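Enquirer: Numbering (this note's numbering), first residue to last: 274 to 682.
Each residue gets a CB set at the ideal place from its N, CA and C atoms; glycine is no exception.
Since the model is a prediction, treat every value here as computed from it, not as a measurement.
Before I ask anything, let me first share the structure, which is written out below as structure tokens.
In structure tokens, the structure reads:
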């Protein structure tokens, strides 16, 4: 059975003196508006429109698209986002993720020399222009994949990490499963056409978010505009890097089967968005469509920080403990994405699966804080104990047993 405890505004977030909750049986479910918390900042100047005047997302002539907030993972706009489509060179983001993970684990190093095999040299499509038998460092290959979209660099990395490209593809699929990319399957490191090689706009946005969050030390590679290798200078094919200073990644893709694809991320103030466009009709259209999605998100949506870690959110009754009450909060910042002007519509509730019985251990989760907008839960976070509350003495425990027995009468 789940107990939902009503919380007052002063007992939430940044209140210095949380209001204690008097034990009741059974507690009644409740939600309370958050707008009076005083923690909803106004760091994003926006057009002062009434909340109901949020226009629909842009209409795009593409196979699929997704617009996602990188911080919360919430999706702002979605058209056929879970439809399986050929990902073309967007595949290389997974190749890069696996390579970044190998770097993080110490399996490989940026300075490692990689000997270029014949398969890498013979692979067609976009190239870094590696020569068979030559060597390139892991870092050079990463730059070749990101900037030049080099298929030869992908195969060279795949063979260096996995032994064979087929084995590396298994690592790609295991990683996809781990990241929750439930509609993706990879058979190679490059994205060259294959009927069993597919992904979705939403999965590509998830992958991009994982790269940004899991490997911030390598993410700056994605904003590099040029690569020079083997006396050949090649530009980054992501046009948005050249036209919008807020854009700092990620990857383009194109085959006849996939059309023109682009996943781009942009950062403005404290908000980062990811737009994934699949199956546009031209290089310029994929750039324009992706830019339209990013502009829409930044103009009509905002991210609000509601709760800070370590700050008491609610105080709850503890049975059989040294202290009769315990303060609970969140372990990490809780942020939400919402349409501009809808801050006053936010509500929150704290949920506990059972009464809290000592011993209570600091940092352990005992309930859930949920945030709703228009009746829909848009964020939730475990509620953790901010202090220990060990078991009380015999007399304290006996008193609580008596109180609970009387409540049942």
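#1: Pull up the DSSP beta-bridge partners for residue 536, would you.
#2: Could you pull out every residue in the same chain whose Cβ sits closer than 6 Å to the Cβ of residue 353, ignoring the five residues on either side in sequence?
#3: Name the two residues that bound the continuous alpha helix (DSSP H) containing residue 563.
#4: Contact between the stretch 358 to 370 and the stretch 419 to 429 is defined here as three or more beta-carbon pairs at a separation below 8 Å; is this criterion met?
#5: Just to check my reading of the structure: residue 663 and residue 631 have Cβ atoms closer than 8 Å, yes? What is that Cβ distance to the nearest angstrom?
#6: Is the separation between the beta-carbon of residue 511 and that of residue 525 shorter than 7 Å?
#7: Measuring CB to CB, does residue 577 end up less than 7 Å from residue 606?
#8: Take the Cβ of residue 399 as the centre, count every other Cβ of all protein chains shown within 10 Å, and call the residue buried at 16 or more, exposed below.
#9: Should residue 523 and residue 538 be called a contact, given that it needs their Cβ atoms to be closer than 7 Å?
#10: Name the one or two DSSP bridge partners that residue 342 has.
#11: What three-state label does DSSP hand residue 362 in the structure shown?
#12: Exposed or buried, which one is residue 302 when buried takes at least 16 other CB atoms within 10 Å?
#13: Going along the chain, which residues of its own chain have a beta-carbon closer than 7 Å to the beta-carbon of residue 304, five neighbours each way excluded?
#14: Just the Cα atoms here: how many angstroms apart are residue 481 and residue 374?
#15: Could you tell me whether the Cβ atoms of residue 573 and residue 613 are closer together than 7 Å?
#16: Would you report the Cα separation of residue 329 and residue 407, rounded to the nearest angstrom?
#17: Would you mind reading off the limits of the beta strand (DSSP E) that contains residue 653?
#18: Drop a sphere of 10 angstroms on the beta-carbon of residue 358, count the other beta-carbons inside from all chains shown, and report buried for 16 or more, exposed for fewer.
#19: Report yes if the CB atom of residue 656 is closer than 7 Å to the CB atom of residue 601, and no otherwise.
#20: Can you tell me where the alpha helix (DSSP H) holding residue 484 begins and where it ends?
#21: For residue 335, count neighbouring C-beta atoms within 10 Å of its own C-beta (all shown protein chains included) and say buried if the count is 16 or more, exposed if not.
Expert: Walking through what the data contain:
#1: 524 and 549
#2: 337
#3: 556 to 573
#4: yes
#5: 6 Å
#6: Yes, Cβ-Cβ distance for residue 511 and residue 525 is below 7 Å.
#7: no
#8: buried
#9: yes
#10: 546
#11: helix
#12: Any answer about residue 302 is weak, because its pLDDT of 36 lies below 50 and its placement is not dependable; what the coordinates show is given next. Per the 10 Å Cβ criterion, exposed.
#13: Its pLDDT being 36, under 50, residue 304 is placed unreliably by the model, and the measurement read from it follows with that caveat. Cβ within range, chain order: 620, 621, 622 and 645.
#14: 14 Å
#15: yes
#16: 53 Å
#17: 649 to 658
#18: buried
#19: Yes. Within cutoff.
#20: 474 to 487
#21: buried
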